[in-house]
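Quick notes on the structure that follows.
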Amino acid sequence: MIERLPLPAPLAALLRRAFFPEGSFRLPLPAQLDRVIIYGGLVAGAVVTPILLVLIVLLVLNVLTAPELVFWLASAVIIGGALGSVLLKNIVHAALSLVMTLLGVAAIFLLLGSEFLALVQVLVYGGGVTVLLLFGLMLTNATDDPIVSDGAQKPFAFLVGIALAGILSVALVDQIWGAPTASTVAFRELGARLYRDFGLPFEIASLVLVIALIGAIAIARRDRPEDTEDTAMGDGA
Amino acid sequence: MAGDIPMENFLVLSAILFGIGFYGVLARRSAILILVSVELMLAAVTINMVAFAAYLDPERFTGLIFAIFVITVAAAEVGRALGIVLRLFRDRQTAMVDEASDLKW
Amino acid sequence: MGMEQVWLLPAIPAVLFALMGLFNRLVPRRGDFIVILGMAAVVVLSFLVLLDFQGSFKDGHFAPGDSNFYSFSWVEIDTGVVDDLLLIEFSTFVDGITVLMLAVVSIVTLMVMVYSVGYMHGEVRYGWYFAVLSGFGAAMLMLVVSGNLLLLYLSWEAVGLASYLLIGFYWERQTAAEAAKKAFITTRIGDVGLLIGIILLWRGAGSFDIQEIIHFAEGGGYGETYLTVAMLMLFAGAAGKSAQFPFHVWLPDAMEGPTPVSALIHAATMVVAGVYLVARMMPVFDVALVARDVVLYIGLTTAALGATLGLVTSDIKRVLAYSTVSQLGFMFVALGVGSVTAAMFHLFTHAFFKSLLFLGSGSVIHATEEQVVETLGGLRRKMPATTTLFVIGSLALAGIVPLAGFWSKDEILLVLQDGAGFGPFVILAATAALTAIYTTRLVLLTFFGEPKDQAAYDHAHESPAVMILPMALLALLAVIAGFVALDPVGKALGFTGGIGEVVFTQGHEGHAFKLDPTIAIGATLSALAGIVIGFIYWSGAAERAVRARQWSPEFHDLLVNRYYIDHLYQFVIDKVVLGLATVVAYFDRWVVNETGVDGSAQGISFAGYRLKFFQTGRIPNYALAMAIGVVVLALVAIGRT
Amino acid sequence: MTDNEGYLLLSLPLIPLGAAVLLMFVPSGERTLIRIVTGAASVAMFVISVYVFFAFDYRGEQFQGVLAWPWFENVGFLGENGVQLKVGVDGIAAPMVLLTGIVILTGTWVSWKQEHRSKDFFILLFVLVAGVYGTFVALDLFFWFLLYETAVLPMYLLIAVWGSGRREYGAMKLMMMLVAASILIFTAIFGIFTEAGLGTFDLPALFDATYDPTFQKIMFPLIVLGCGTLGGIFPLHPWSPDGHAAAPTAVSMLHAGVLMKLGAFGIIRLGFQMMPEGGEFWAPALLTLGIVGALYGAIGALRQTDFKLMTGFSSVSHMGYVFLGLGTLNLIGMSGAVLQMFAHGVMTALFFLLIGALYDQSHDREITHYSGLAKQMPIWAVFFVIAGLASFGLPGLSGFIAEVHIFIGAFRAYPIVGGLAVLTAAITATYLLRMFARTFFGEADPRWSGIGEITWAERAGATVLSISIFALGLWPAPWIDRIAMGLEMGIPEVLS
Amino acid sequence: MSELNFEYGLLLPEFILVGAAAAVLMLDAFREDLRISRNLLPAITVLGALIAGVASLLFLDRDPTDFAQLIAVDDYTTFFRILFIATLIAIVLGSYEFVNRNITHQGEFYALLLASTIGAIYMAAARELLTAYISIELLSFSLYVGVSLAKTDTRSGEAGLKYVLLGGVASAMLLYGLSIIYGTTGATTYDGIAAALEDGVVGTPAFLLGLAFLVGGLGFKASAVPFHMWTPDAYEGAPLPITAYISATSKAATFALMLALFGIALDAAKADWQWMLASLAVATMVVGNLIAIQQSNIKRLLAYSSIGQVGFMLMAITTVSDASGSALLLHLAGYLITNLAVFIAVIAFYNRTGSEEIEDFRGLAETQPYLALVITTALFSLSGMPLLAGFVTKFVLFQAAAEEGFLWLATVAVIMSTVSLYYYLKVIRQMYVAEPADGDSRWRLSPIAYLTTGVLFLGIFLVGLWATPIFEAADGASAMLFG
């Protein structure tokens, strides 16, 4: 796997030995998972490090302020992850690159002054959704032939994507917003606003989650024998 | 914290993310990857919401609440969608979307 | 019983028609005697009207309209616009011609009815026959007494219907049905012209009343061409009914009907309705002289045509039919030069001797069951009475001196000579001669010479008294009818200025009847010559006639095929009318129906068919559709600002 | 006719509807019970129609027997008495009510011998009649259109299930063309309601409202083509021959006899009475369509060899006369048109009754296959001749009165057109007489020896129809006074 | 913050419905041990619905109050509460036989229906973007699940997949639109937006884009044409009761929401979105009705016919005003009754013959005349034939549109409703004219089926002949929106 990286031969050998000594030390994790994390870390590192270097240089030349640096970095991570998940041939890699994007988004939320939201983002997306996706992949045994060819209407898709992004950004940019300044949100008020003013949507959301739960179970579950015989017995009332 | 970053940046970022997400939905054949792309689009929405809340609506920050709800719904969405994808897989042994085209015309 | 109650004359037979039509089965002898009594009453009444008419005939003239008696409005729409009042009313009017016509129609109808008792004996629809005959009488009388043109048109159509029913009496026979159809359609086409003429006249004068129209016309109310077109249209109607040149094709075929019917309708009454109409509207024709000349020339051609065709036809009744066409031509020639008296007088005399001839031929047919002249011959021994009466009739037709035909034909020649110069006079004289020829041919071939078909000859027997009596009466009238015109006789009958004074119309001074010696002698000589030629050609075995035929076969064929007019009409109908109908039907089926209606329906469902395939069933396509939808909405939204 | 006689008017549409509902509960096997119910209903309708016709006082005011029950009031876009169930009759509607009464009476008697699901047949037939009656008496545009459509609603099933020949095609074409035509009427009604701006559908109020001439010029043709299609106007007539050929006897009687008059009635009521200037502007076009339709129908009929198709074409031709009469824009011509609506209604009903009687026994409608029928069916032949003579305008019968008025009206307006109209009458004569000669007279064809005389019900029906033909023919005054008064009051500005 | 009123009492009907849903779920889970019969579940659902219906009647004619500016509890909401609850009862009663036979998870099925009804009610009641969105999600979620409940039939899985994925994309679009509108107007409550629009935010490109995405998202939920592709497949795949439910409640709820949203919030920016909806309406009418001609499966035919009907309703939203509001509500009521009548009759037919092909309706008039009569009346009413609900409601709807100057749109609508008559006639032809397949004998419906179809059948005639009560209720309800 490392051979394929564009590295000078000695550095590659060093890395291989460092990470995969013959004795190949093991993280106390199932074989499958540790390779995934290692690879993920490697890829992320390979992608992020050059951008980081550039940004640091700019920071030093104090063109950028600290928050801007964080913003550019985060947006780079987001866009990189998004493109990865959309373009990569290997289905598993695509799914994993989604995680990168979502974590980038969490950084953005931090930047925009709502730590709670960043936390929720990391927890819900980083944890829950990713695991779910992996389970999905595993159950639809996408892992044994992960290479997925692209859909027939790729050029149209490309056109639409560009058009949408273009129009939206143009329109949103030339809307005169009056150069507002961001402000952080106190956690306590957020709680009050969420549970008192928007109590009703909260309850509806809870119903939505319950329905999603029941639905998923009802659909995905393999039928119990006694269910099917019920139908057979179905009394023609 | 991010006082001096102009809001347009965030909006453009979310626009681009939205565009990529839409591309993903149109181009991908695997159901799960389409789900992934939908998640991207929803993330773009949340960025938008939070940006507007932070910049324009600091005292009532409704956008933030909106973002929270969007995230919960997105999560529920993935869960139930995967249930249906599994059902599809069990019926047709494939998760490719364009195989599932019995219902037409 | 004065002129006011003149509406009673048509009413009696009409009522009888209605009653007999429905209940003739319940009445003994199928109600023939009731109908005859009714008609007898009408004859008496017509004489009473004549007397009353004489009474009021003081200073020899009539103020217009004062003779318009009994009337009630039938349809009245007051359109509110000044004097734009549509008034169709039931009004009656009596003057000289009406009285004459009343007499003629009632007498001849009565004779025919009496005759039919014998002739139609044992027919399956005996009662119905008499009912329709009475109906016909009613319609004819109504036509004659009607005061306004629309009522005239009404009775005109009723007469047409009656003739349709009577011609098609033996409707089991397909030929009779076809003949009836042909008669009704041809007269109907003529009636189209009549109705158009009437409405055009109404449009100018603002009313249908004849006197008002005449008044308006004489006052110069109509435009020149407008009036000519109107009167030509009127004449077309008259020509249709009186079987003049373009419309004469139906009369010979109409012989399919029972012979008494032919005698009544196609000799004396219906066919002369056209003459009566033109006579009635003569004051208006005087204003539209162009139209009157057309009447003259049409009359001439028809007379000549009828006479020539009479020479070659082999069926007795068709010969007489052609002779009627020719004689009607004579009457129209008289009208063409504007002399109502000559025309009406000829009508008066012709009615009697022509119906006599028809009844004669009827008794021949009744006796021998044969109509074709070639199979008859030598019947004089078997049917002496019929023969003598038939000879009297034919002599009258030929125009031999003492008989009625001579006086009226001579009168027309006289009037023609003054009115229209030399050419028409010569043609008419020749036609008169021809008339004599074909009459003699008919008489010789039928009654004299040797019997050609023994079976028919043996079967022949003299007709019963009930048929002979009316013929005898008509023969008597055929003899004395001529003398009426002479002044002394006229005065004897109580007409101060003689018949001529009486038989004229408003605003048209009387025509003193005089006998021009030269024409009289000339006419008699040509008639005698005709008879002699007839004898030469057709006496004995008629071998000379055969040789004449070889001499010019194609001319003979031309005559036999009636100048191919029938073929021309048939061609026109088949090719033009039915062709046009096929085109229209084809157009309707393919253009309006298939492409217009069904086409659009299929178009819509085809559009649905095309759209259906956008629904490919694959999710990426659906998503793409949504994406395009949004992008388009966004672009147009931006574009619109 | 006093106002509280409006209940009689209301009862006209309600009796058939009531009978239809009543029939639903009658088990389909009970043929005698069905006969009693239908017979009673049809007689009741006939008696009321006759009473309404003669009670209508042609010296009184324009709308008589007016009663109204509010339905929707100041709700949504509807203001004061927005939609109300308003009934009333004017000079033009009274004869039409009589016509419907006569035709439904005879139609019901004739279809008593219908075995196949006769209960449903009568239910649908009575719904159709209710629609027709309602349209003639309604004085509220909403209900007018609702009942106008009700008359079309059962047509499909009536023809598709009980019809003969290409019944599905005929039924579908008829239904689709009539409903498609109602698109134009729909649009016109919306336009009128919005343009009037009164927020009410009350017809008298809409008649008095003034619309600007350009609006009228656009809307009038919509009405003419929309209602005209039901009236069998020239370019939009193909449904009529096929539809009638496929329909069962009673339905084609009702349809050709009454429903086509509904179309012409619609043109008068929505077209001329509502938009006089539009009427004046488009009258020549209507006139041309009329005369073209008349000629087209007559010539088309020359070629037809199927009884019903020929009668269908002759209906198109006679309706052409009606449009011609309406186009003349003078009182005589227009009253001639309404007279023709009545006259033709009765004639065609008689035609279809007789053809149906023949078809039920011989199941063959080809004219060329018959000859010498008068021998086997003399009474049938006599009635047929009466209908035929009336249809080509023999004086003394209903056709002549109407046609003479139309010709006079046409001559007053355009002499050439008048001439053509009279010519069409001659063509009508030719194809009818040709049919008489070929089918009634001549030797009896052995093939049809089995055919017997028509049943008593048909004889009674034919007699009633013939009596009305003779009545209008011999003494037209009652009809003419009412129609002239209705027109004079209804469209004073239009009449030149 | 605190002056918002939090009178939870206002939400009583919804609580009852939730309670019923919970009860149904619990009973289904422990069915074997408690040995309760199958029919208890539908009974509880219906009972719960009835109680909720009665409870919502309490709020009738009360002065309109809002709940924390999120939803408004007024005549408008009551009108829809009753309408949706009635639909729920009708569908449950009409299909409990079908459910017993074909669906294994009865408990989940009824719970879903109850939950989606709550979602629908809140959609109608919502006066705030977030509440509106979340209630749309609730309704959509329960329908996503409902569509793929028919475990035995692979079509249901495929339909579910399509509906879920496309639904996700659509809601993402909708959210994006909402975020932009929130951004440009700075408020999420309808009144807030309306106020912001008053003082001139209208017309900026961003706001227009927001509108475009909003219309796109809602267009999906209402199945307007470019976004309608999922409807036919979802209808055909889903089990019949769910199809009925989608065509009835989900459509009606979407239009209730759109009327409120466009009526109150975006009324000021009318010029910007009117053309969007007009073009959508025309496209929907044309495509929906044209493709319907070609269909041979009754569910797919009804899918396209409902798309056609959506075209007509969109017209009312285009010409949003008091008159067209009341016209729309009346039409919705009429449409629901007619649509349910057709579906329940088709369900009854399916229970007997197990087929959805129009071909198999042959000779239904012979074998089951009552059912044939109900279907014919309903189809005629859908196509706008007189004496039936369709005529009155369509007439009023089109007249309202013409009143606002969209005469051309009304004409297109009338043309398309005539086209719709063509394919309804093809079904009727099959029932009445075609002979029954040999061997089919006359069969009887179950009493419940008789009851439901009978009530709906009378309902069609009632709206057709004496629509005044419903029209007055609709007018009162829509008056709430337009002040």
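Protein chains in written order, with our numbering: chain W, 3 to 239; chain X, 896 to 1000; chain H, 1417 to 2057; chain R, 19 to 514; chain S, -18 to 464. Just so you know, even glycine gets a beta-carbon here, dropped at the ideal spot from N, CA and C. As the structure is a prediction and not an experimental result, all values here were calculated from the model.
What do you get for residue i, buried or exposed, if any count of 16 or more other CB atoms within 10 angstroms of its CB means buried?
i, result
"H/F1987", "exposed"
"H/N1564", "buried"
Look up residue i in the DSSP assignment and say whether it is helix, strand or coil.
i, result
"W/P52", "helix"
"H/E1492", "strand"
"H/I2062", "Since the first residue shown for chain H is 1417 and the last is 2057, residue 2062 of chain H is missing from the structure and cannot be characterised."
"R/E384", "strand"
"H/G1923", "Model confidence at H/G1923 stands at a pLDDT of 43, short of 50, so the residue's coordinates are unreliable and nothing is read from them."
"H/F1509", "strand"
"W/D176", "coil"
Per the DSSP calculation, residue i is bridged to which residue(s)?
i, result
"H/N1564", "H/D1625"
"R/D220", "R/D158"
"R/P396", "DSSP output for R/P396 lists no bridge partner at all."
"R/W87", "R/L103"
"H/Q1966", "DSSP output for H/Q1966 lists no bridge partner at all."
"S/D47", "S/A53"
If you measure between the beta carbons of residue i and residue j, is that distance less than 9 angstroms?
i, j, result
"S/Q290", "S/N320", "yes"
"S/F65", "S/A241", "no"
"X/L921", "W/L119", "no"
"H/A1633", "H/I1612", "no"
"H/A1812", "H/T1765", "yes"
"H/T1791", "H/A1872", "yes"
"S/A458", "R/F208", "no"
Residue i versus chain H: which residues are under 7 angstroms apart at the beta carbon?
i, result
"W/L166", "V2047"
Using a Cβ cut-off of 9 angstroms, pull out every chain H residue sitting near residue i, in sequence order please.
i, result
"X/V992", "R2034, I2035 and P2036"
Strictly below 8 angstroms CB to CB, what residues from chain X border residue i?
i, result
"W/D152", "A922, R923 and R924"
Going along chain C, which residues have a C-beta under 9 angstroms from residue i?
i, result
"S/D214", "The question asks about chain C, but that chain is absent: this structure's protein chains are W, X, H, R and S."
Check the Cβ of residue i against every Cβ in chain R and list those closer than 7 angstroms, keeping chain order.
i, result
"S/Y403", "M194"
List, in order along the chain, the chain X residues whose C-beta lies closer than 9 angstroms to that of residue i?
i, result
"H/A2017", "What H/A2017 touches in chain X: nothing, since even the nearest Cβ is about 21 angstroms away."
Strictly below 8 angstroms CB to CB, what residues from chain W border residue i?
i, result
"X/D899", "T67, P69, E70 and T183"
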